[in-house]
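> Residue numbers (our numbering): 12 to 208.
Cβ atoms here follow ideal geometry from the backbone N, Cα and C, with glycine treated the same way.
Since the model is a prediction, treat every value here as computed from it, not as a measurement.
One structure, as structure tokens, below. Some questions next.
In structure tokens, the structure reads:
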């Protein structure tokens, strides 16, 4: 069971922000473009400088090396990054049964990244993040490039993982329908702060 805590977090035009995401809780973040949703996730993942505290299970991000923190507090950006030619070279250990959950086959590990559609890359990136067994998920529009059927598959998988592993999830979404389906809480980012719906 994990808990993510933000205390007096400030980054650029955002803050101070105080927020607690409890074990198995999905918090959806929405707000206008440019409000700071992605900025907030990137600061939690310690990718950009910020002040204040980010804690996982009451241990500060400052007590971890950056790679260790980012493995535990995993960010899935809106556009996935691929730095090798082959899909499989981007994975360490992975539970291959996970591929079926997102309508992919194990053979996709042999694919060239260049032959993957945008939706395939997005689903493969989700599996790549989950392979590290993070203690917290930060998802920046994880279904933005997916059709309705694959969107529902991702939603089911993330909810199952959150419930099974007892991890908190911060999920940026612009879809009111999706927020209704997946959110335990809905938080709007605006005017430099976060406001619960």
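Check residue 111 in the structure and name its three-state DSSP category.
Here residue 111 refers to the residue found at position 100 when the chain shown is read from its first residue. Helix at residue 111.
> For residue 21, which residues does DSSP report across the bridge?
Translated into positions along the chain shown, residue 21 becomes position 10. Answer is 62, bridged to residue 21.
> Where do the ends of the alpha helix (DSSP H) carrying residue 54 lie?
Here residue 54 corresponds to residue number 43 of the chain shown, with the count starting at 1. Taken as a continuous stretch (DSSP letters only), the alpha helix (DSSP H) holding residue 54 covers 48 to 55.
> I'd like to know if the segment 12 to 23 and the segment 32 to 51 are in contact, where contact means that at least 3 CB-CB pairs between them fall below 8 angstroms.
Output reads yes: the segment 32 to 51 touches the segment 12 to 23.
> Verify whether the separation of the beta carbon atoms of residue 57 and residue 72 is less than 7 angstroms.
The residue you call residue 57 lines up with position 46 of the chain shown. The residue you call residue 72 lines up with position 61 of the chain shown. Cβ distance < 7 angstroms, so residue 57 and residue 72 count as in contact.
> List the endpoints of the continuous beta strand (DSSP E) containing residue 85.
As a first step, residue 85 must be located in the chain shown, where it is residue number 74. Unbroken beta strand (DSSP E) run through residue 85: 84 to 87.
> Between which two residues does the beta strand (DSSP E) harbouring residue 69 extend?
On the chain shown, position 58 is the one that residue 69 refers to. From DSSP, residue 69 is part of no beta strand (DSSP E); its letter is neither H nor E.
> Apply the 10 Å Cβ neighbour rule to residue 41 and answer buried if 16 or more other Cβ atoms are within range, or exposed otherwise.
Position 30 of the chain shown, counting from 1, holds the residue named residue 41. Residue 41 should be labelled buried.
> From residue 198 to residue 79, what does the alpha carbon distance come to, in whole angstroms?
As a working mapping, residue 198 is identified with position 187 in the chain shown. As a working mapping, residue 79 is identified with position 68 in the chain shown. Each residue's Cα considered, the two are about 28 angstroms apart.
> Would you decide whether residue 104 is buried or exposed? Buried here means 16 or more other CB atoms lie within 10 Å of its CB.
In the chain shown, counting from the first residue as 1, residue 104 sits at position 93. The residue is exposed, with fewer than 16 neighbouring Cβ atoms inside 10 Å.
> For the candidate residues 37, 20, 17 and 27, whose alpha-carbon lies nearest to that of residue 171?
The count along the chain shown starts at 1 and reaches residue 171 at position 160. Comparing Cα-Cα distances from residue 171 to each of 37, 20, 17 and 27, the minimum goes to 37.
> Please work out which residues of its chain come closer than 7 angstroms, Cβ to Cβ, to residue 173, disregarding the five sequence neighbours upstream and downstream, and give them in chain order.
Mapped onto the chain shown, residue 173 falls at position 162. 35, 37 and 180.
> Give the DSSP bridge partners of residue 38, in chain order.
As a working mapping, residue 38 is identified with position 27 in the chain shown. Paired residue(s): 181 and 196.
> Quick check on the DSSP output: the alpha helix (DSSP H) that includes residue 160 runs from which residue to which?
One-based indexing of the chain shown puts residue 160 at position 149. Counting along the chain, the alpha helix (DSSP H) containing residue 160 begins and ends at 159 to 176.
> What does the alpha-carbon distance come out to for the pair residue 193 and residue 166?
Counting from one through the chain shown, the residue named residue 193 turns up at place 182. Counting from one through the chain shown, the residue named residue 166 turns up at place 155. In a straight line, the C-alpha of residue 193 is about 7 angstroms away from that of residue 166.
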